[in-house]
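A.B. asks: For reference, each letter of the sequence shown is one residue, going 63 to 373 in the working numbering. Even glycine gets a Cβ: it sits at the ideal position worked out from N, Cα and C.
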Amino acid sequence: MTATTGPHLTAPAQPREPVTSGRRLIPARSVGLPAEDVDRAVTAFMTASPVTRRWDVETGFDWAAADADRLTEGQRSAVRFITFIEDHLPGYFALYGSRFPLDSDVDVETFLLNREIYHFTVRWAQEEDSHARALFRYQVASGLAQPAALRRELAEEGRKQFALPHEHPAALFAYTLVQEKATQIYYQNLRAVVGDPVLAEVLGRLSRDEARHFTFMADMVDLYLRHYGDAVVEPIREAVAQFRMPLADTLRGYWRWALRIADTAHYDHTEAYEHLVRVVRRAVDAPSDRVDELAGFVRACRATDPTPTPR
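#1: Spatial neighbours of E94 within its chain, please: C-beta separation below 6 Å, excluding the five flanking residues on both sides.
#2: Taking the straight line between their C-alpha atoms, what separation do you get for D292 and F146?
#3: Taking only runs of the beta strand (DSSP E) that begin and end inside the segment 73-151, which ones reach a length of at least 3 residues, in chain order?
#4: Between A194 and Y200, what straight-line distance do the alpha-carbon atoms span, to the nearest angstrom?
#5: Beta carbon of A280, beta carbon of L239: below 8 Å?
#6: Using CA atoms only, rank isn't needed, just tell me which of V100, M108, A244 and R274 is closest to N176.
#7: Locate the alpha helix (DSSP H) running through L239, then write down its first and last residues.
#8: Would you report the Cα separation of E148 and L164, rounded to the nearest angstrom?
#9: Given this structure, state the Cα-to-Cα distance separating E229 from E98, to the nearest angstrom.
#10: Check whether the Cβ atoms of S92 and F155 sit closer than 8 Å, and answer yes or no.
#11: Rounded to the nearest angstrom, what separates I247 and S269 at their Cα positions?
#12: Please determine, among R116, H150, T121 and A236, the residue with the shortest C-alpha to C-alpha distance to R213.
#13: Sorted by chain position, which residues of the same chain lie with C-beta nearer than 7 Å to Y237's C-beta, five sequence neighbours on each side aside?
#14: Applying the 10 Å Cβ sphere with the 16-neighbour rule, what's the burial state of D124?
#15: Buried or exposed: where does E120 fall if 16 or more other Cβ atoms within 10 Å of its Cβ makes it buried?
#16: Could you check whether V256 and A127 sit closer than 8 Å to each other, using their CB atoms as the reference points?
#17: Reducing DSSP to helix, strand and coil, say where D258 ends up.
#18: Give a yes or no on whether the C-beta atoms belonging to V341 and V283 are separated by under 8 Å.
#19: Counting along the chain, where does the alpha helix (DSSP H) carrying P209 start and finish?
#20: Nearest to D325 by alpha carbon, out of R274, L252, R288 and K222?
#21: Just how far apart, CA to CA, sit G122 and A196?
#22: Please report the distance separating the alpha-carbon of E178 from that of T114.
#23: Can you tell me whether DSSP reads S166 as helix, strand or coil?
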């Protein structure tokens, strides 16, 4: 993502109205948290992945040994599916740029806060882009796809707009928390069943990255709850109530495809909801009725949600 809205989203001509959180307001198009708190969360994220633990697409895997013939048809389909999801990174990045802009349309205080979150988003985007490139490289090296055809196929989907309905920043981070944890779980489960050791290694690297991304999102949701209390419970509830994994509304054949690959890795994305409940309970010393209602609502969603899908 850049600091602008990118090619997929158009920022509003006028700033949105401030988002109400109890007696305090979150400035329009702002993170709405103290800069020093966001800085601590970003620093923890960066510290969790020092240079010595990072990986490289070109040199980190034995691409010559990749062999799609070791995969079942369902596993091959799963690789194709998750490549589409990861390759939509420009749309995800553009969304954060439009919600937390760094331009002359925001005041200095808002710019200061958004600049802190940008430190995270540029690293996050770099890592997610590496995921897309690694999956692309695997498909080509293993014989699963031809490079020119795959590039065009990904471009057809990648140019479609990615949007979320959440105006409140706490809802946006809660959504991403669930999405990142769901992705981590799926990669772990898929890694356990694939027959190609090269793909298993790729999925292991991706899963570890997603675990760190989840932790950062959990820290952000924790901060909102500590600063705003019950006032952010409803936005978080809405994030769960409206939850759909990325590209659910744009990728052709998404639901049929998603159900098929869920069977391949014995996966249910609503497992991630329980992790959200834990974050909420950790953030509040004495859970209120609204927090208890949120926990009950999330668990009810898990019991009834029929759409297992990964990011």
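C.D. replies: Put simply:
#1: As written in the sequence, residue 94 is Gly, which differs from the Glu given in the question. For G94, where only same-chain residues beyond five positions count, the Cβ hits under 6 Å are I88 and P231.
#2: 37 Å
#3: 81-83 and 86-88
#4: Inter-residue distance for A194 and Y200 is about 10 Å (C-alpha atoms, whole angstroms).
#5: yes
#6: The shortest C-alpha separation from N176 is found at V100.
#7: P231 to R253 is the span of the alpha helix (DSSP H), which, as asked, contains L239.
#8: If you take the alpha carbons of E148 and L164, they lie about 25 Å apart.
#9: Going by the C-alpha atoms only, they are around 23 Å apart.
#10: no
#11: Distance between the alpha carbons of I247 and S269: 7 Å.
#12: H150
#13: L226, H228, A301 and F305
#14: exposed
#15: Flag for E120 reads exposed.
#16: no
#17: coil
#18: yes
#19: P209 to G220
#20: Residue L252 is the option with its Cα nearest to D325.
#21: Going by C-alpha positions, G122 is about 10 Å away from A196.
#22: 24 Å
#23: coil
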